[in-house]
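Report on the following structure.
Protein chains: 2
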Amino acid sequence: MGEVLDERKKRILKAIIRTYMETGEPVGSRTISKYTDLNVSSATIRNEMSDLTDLGYIIQPHTSAGRIPSDKGYRLYVDELMQEKEAEIAEIRNLMIEKTDKMEKVLKKVVKVLASNTNYATMISVPQYSGSRLKFIQLSRVSERQLVAVVVCEGNVIRNQIIHTAEELDDETILKLNLLLNTNLNGLPIQDINLGMIARLKEQAGIHSDVVANVLDAVAATIQVDEEDLEIYTSGATNIFKYPELSDKSRASELISTFEEKQQLAALVKDRMAEEESTGVRVYIGDELPIETMKDCSIVTATYELGQGMHGTIGIIGPKRMDYENVVNSLKTLKQELDTVFGRKPEEPPDSC
Amino acid sequence: MGEVLDERKKRILKAIIRTYMETGEPVGSRTISKYTDLNVSSATIRNEMSDLTDLGYIIQPHTSAGRIPSDKGYRLYVDELMQEKEAEIAEIRNLMIEKTDKMEKVLKKVVKVLASNTNYATMISVPQYSGSRLKFIQLSRVSERQLVAVVVCEGNVIRNQIIHTAEELDDETILKLNLLLNTNLNGLPIQDINLGMIARLKEQAGIHSDVVANVLDAVAATIQVDEEDLEIYTSGATNIFKYPELSDKSRASELISTFEEKQQLAALVKDRMAEEESTGVRVYIGDELPIETMKDCSIVTATYELGQGMHGTIGIIGPKRMDYENVVNSLKTLKQELDTVFGRKPEEPPDSC
DNA sequence: TGTTAGCACTCTATAATCTCGAGTGCTAAC
DNA sequence: GTTAGCACTCGAGATTATAGAGTGCTAACA
Chain F
1 MGEVLDERKK RILKAIIRTY METGEPVGSR TISKYTDLNV SSATIRNEMS DLTDLGYIIQ
61 PHTSAGRIPS DKGYRLYVDE LMQEKEAEIA EIRNLMIEKT DKMEKVLKKV VKVLASNTNY
121 ATMISVPQYS GSRLKFIQLS RVSERQLVAV VVCEGNVIRN QIIHTAEELD DETILKLNLL
181 LNTNLNGLPI QDINLGMIAR LKEQAGIHSD VVANVLDAVA ATIQVDEEDL EIYTSGATNI
241 FKYPELSDKS RASELISTFE EKQQLAALVK DRMAEEESTG VRVYIGDELP IETMKDCSIV
301 TATYELGQGM HGTIGIIGPK RMDYENVVNS LKTLKQELDT VFGRKPEEPP DSC
Chain E
354 MGEVLDERKK RILKAIIRTY METGEPVGSR TISKYTDLNV SSATIRNEMS DLTDLGYIIQ
414 PHTSAGRIPS DKGYRLYVDE LMQEKEAEIA EIRNLMIEKT DKMEKVLKKV VKVLASNTNY
474 ATMISVPQYS GSRLKFIQLS RVSERQLVAV VVCEGNVIRN QIIHTAEELD DETILKLNLL
534 LNTNLNGLPI QDINLGMIAR LKEQAGIHSD VVANVLDAVA ATIQVDEEDL EIYTSGATNI
594 FKYPELSDKS RASELISTFE EKQQLAALVK DRMAEEESTG VRVYIGDELP IETMKDCSIV
654 TATYELGQGM HGTIGIIGPK RMDYENVVNS LKTLKQELDT VFGRKPEEPP DSC
């Protein structure tokens, strides 16, 4: 496994992968002989290809066909062979500059543009709190027995919920509650705020009214991050039809299902986040993916930062022969773009709080 | 076009459609002769089928094949022939009884369950304001130059937005703004609140500060319903692979795209809403659909009520040979279920405001 | 020793052909 | 009006033929 390929073998492997990326068909020795500037005959290439096959970098689908890259081959390509390339994602940059009132909308647009630019399927996860702190919390009465709880976190993510109360709360009580909540909870990391904490709060404040206690519980529920609920937007699922190796009925159906369900994508992203070195771009090839239905795919992911510890993941899903150069570079650039746009809103100077 | 079919022709047409629903293959005269209890020979059926073909209710894909129903045939079936049937959607009912904290989650679950129950693709539109009135509005400061605007409408739909200000607003100004907004806007239909209205408001209140004016504009933007933005959840798009007539590559790709994009679905739902008789279940067959890519599909929709004038649409998309009885009945029952669950929250008595 | 031309061989994809059978429409008898 | 009978049609699937891309090997060459 630990072989080192000589220069020529590497160049041939690279040429095979490049060609296969374009055509999606097994690559023959003659093609490589012409495609490269090695100036060797197809026979020589054949010999080298035979070696590469033995070493496991390329595969022969059947005796009299050309070769296609193996997972191992792609891996070497991604790790060593491919070159950095200037990616032009002007469209995305422009889109970002438009007024970005709702993050949700921006994310949806980003995946969409990325999908149509790359011709692969794309996904983006809505940033998670992860260490973000509570910035502001407020209860207001909207009608006799209904309150609205509004919670703002660092990164300006807002959550809210209508709370129904058994009896009407007077203004004074609501005011007290707001004071209690803000003085005790502001600045705390979201994760630390749970029902138990709220219970302690109730004790300290000497609250005995059932109604108020229930309201506090509801507030806690509002604040809490739904662990299950990592939201993901996807786009361009049907791009997989552009790659014959993925688009036979059963495979396509499974793939698109996985895409539609999103749970497995979410799991992948979550694992991804747990890893220490969570910055930068990462490539999963075929079997490296934990998702059964995607054994024939590759996924390239990047994590983008929102400032204040919030971050999300953006990913591109395509066939193993996806254009890694372009994809990796697109993601790198896009990641920077997202970091900038979200990190500091364009219409305001960098936040100091 | 205005022919009246005799009883036997109707029974034969019905049998053809039923059989075709099951098999998806052209139906022959012998099959019908055995399938029905008409006790006539296949030759007789052939004669009748020939008539039905002339009348346009069934189609012959090619000379020596059986018949398949035409759009006109399906239409007659839906309008006259099919029987009401007891639908069992116990699963959905149970799901509804679970605590339904976030409407969004319920809707997502509903489409999912419906899709897996029916084996068709499903969609549901998030209820629109449509005549709903503003109930409560509040600006709060979350940090030096950031405000959060919270808007609650009848039906307890909440919108919110972070507003960035050029300079810090003092508490008094914010208080004044809240007063101004609430006294002038509460109870007004959402549609009536637009930038022009806010402008008049500014004049009346004698506001000249640019900062405050900008905040008001942002509030207006928050309130406003984004006409484009009818949100739709879908599920079971890959169910179309279960129907060979829809699942050849190009068609499937287009269909799923339409599904993923959702814009066209949204347009359909919007048209649907505009119609006067917007209650009850409606069936679109093939060419009756305004969506080019869905000419080979049928869609059954139902509108559900949320009380206070808000309503959404739920739809099932399948092949023309979909099981209309089941689908229509499922939707009818589900519609009632949704009306009840959303109309009055389980944990509170019916609202009186 | 590495490179190359040449050639027989393999295997798939595509097209061409054949065959079967379901289904029709028509006719004539009931 | 219904039915049996029968010749005819046409597509789906199986079968076979054909072409060509690509390989592996051998022998010659630098």
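Just so you know, the sequences run in chain order F and E.
Quick note: the first sequence uses my numbering, first residue 1, plus one each step.
Quick note: the second sequence uses my numbering, first residue 354, plus one each step.
Glycine included, C-beta positions come from ideal geometry on N, C-alpha and C.
- Proximity of chain E to residue 256 of chain F at the Cβ level (cut-off 8 Å) is accounted for by 590, 591, 609, in chain order.
- By the neighbour-count definition (other C-beta atoms within 10 Å, threshold 16), residue 676 of chain E is a buried residue.
- Nearest in C-alpha terms to residue 116 of chain F, of all of E:526, E:687, E:619, E:610, is E:610.
- A straight line joining the alpha-carbon of residue 619 of chain E with that of residue 478 of chain E spans about 8 Å.
- Not a single CB atom of chain E sits nearer than 8 Å to the CB of residue 264 of chain F.
- Taking 8 Å as the threshold, the shortest C-beta distance from residue 41 of chain F to chain E does not fall below it.
- Put simply, the CB of residue 126 of chain F is far from chain E, with every gap to its CB atoms at 8 Å or more.
- Take the alpha-carbon of residue 71 of chain F and the one of residue 604 of chain E: they are about 32 Å apart.
- When DSSP states are grouped into helix, strand and coil, residue 63 of chain F belongs to the coil group.
- What residue 491 of chain E touches in chain F, judged by beta-carbon distance under 7 Å, is 140, going in chain order.
- Cβ proximity to chain F below 7 Å picks out 505, 509, 511, 513, 514, 515, 517 from the segment 504 to 517 of chain E.
- Residue contact with chain F for residue 613 of chain E: present (Cβ-Cβ distance below 8 Å to some residue of chain F).
- Less than 8 Å divides the Cβ of residue 568 of chain E from the Cβ of residue 530 of chain E.
- Between residue 209 of chain F and chain E, the shortest Cβ-Cβ separation is not below 8 Å.
- Bridge partners of residue 491 of chain E according to DSSP: E:503.
- CA-to-CA, the gap between residue 653 of chain E and residue 681 of chain E works out to about 7 Å.
- Here the segment 314 to 323 of chain F makes contact with the segment 282 to 300 of chain F; the two share three or more CB pairs at distances below 8 Å.
- Between residue 304 of chain F and residue 335 of chain F the beta-carbon gap is near 5 Å, inside 8 Å, which marks them as a contact.
- Residue 157 of chain F is positioned such that its CB atom lies no closer than 8 Å to that of residue 503 of chain E.
- Relative to the Cα of residue 21 of chain F, the nearest Cα in the group F:245, F:231, F:283 belongs to F:245.
- When only Cα atoms are considered, residue 613 of chain E and residue 237 of chain F end up about 8 Å apart.
- Residue 78 of chain F sits in a helix when the DSSP states are folded into three classes.
- Taken through DSSP and simplified to helix, strand or coil, residue 21 of chain F comes out as helix.
- The shortest C-alpha to C-alpha distance from residue 294 of chain F to any of F:313, F:247, F:41, F:281 is the one to F:247.
- Contacts between residue 110 of chain F and chain E, judged by CB atoms closer than 7 Å, are missing: the closest CB pair is about 15 Å apart.
- Within chain E, the residues 489, 491, 503, 505, 509, 511 have their CB atoms less than 9 Å from the CB of residue 148 of chain F, given in chain order.
- A buried status is given to residue 142 of chain F, since no fewer than 16 other beta-carbon atoms sit within 10 Å of its beta-carbon.
- In the structure shown, the three-state DSSP call for residue 542 of chain E is strand.
- Buried is the label assigned to residue 486 of chain E, since at least 16 other Cβ atoms lie within 10 Å of its Cβ.
- Counting only residues of its own chain and dropping the five nearest sequence neighbours on each side, residue 685 of chain E has a CB closer than 6 Å to the CB of 634.
- Interface with chain F (8 Å Cβ-Cβ cutoff): residue 602 of chain E is included.
- Between residue 166 of chain F and residue 195 of chain F, the C-beta gap is not smaller than 8 Å, which leaves the two residues out of contact.
- Residue pairing of residue 160 of chain F in beta bridges, as defined by DSSP: F:150.
- Nothing from the segment 637 to 657 of chain E brings a Cβ to less than 8 Å from some Cβ of chain F.
- Residue 69 of chain F sits away from residue 137 of chain F, with the two beta carbons spaced by 8 Å or more.
- Chain F places no beta carbon closer than 8 Å to that of residue 469 of chain E, leaving this residue out of the contacts.
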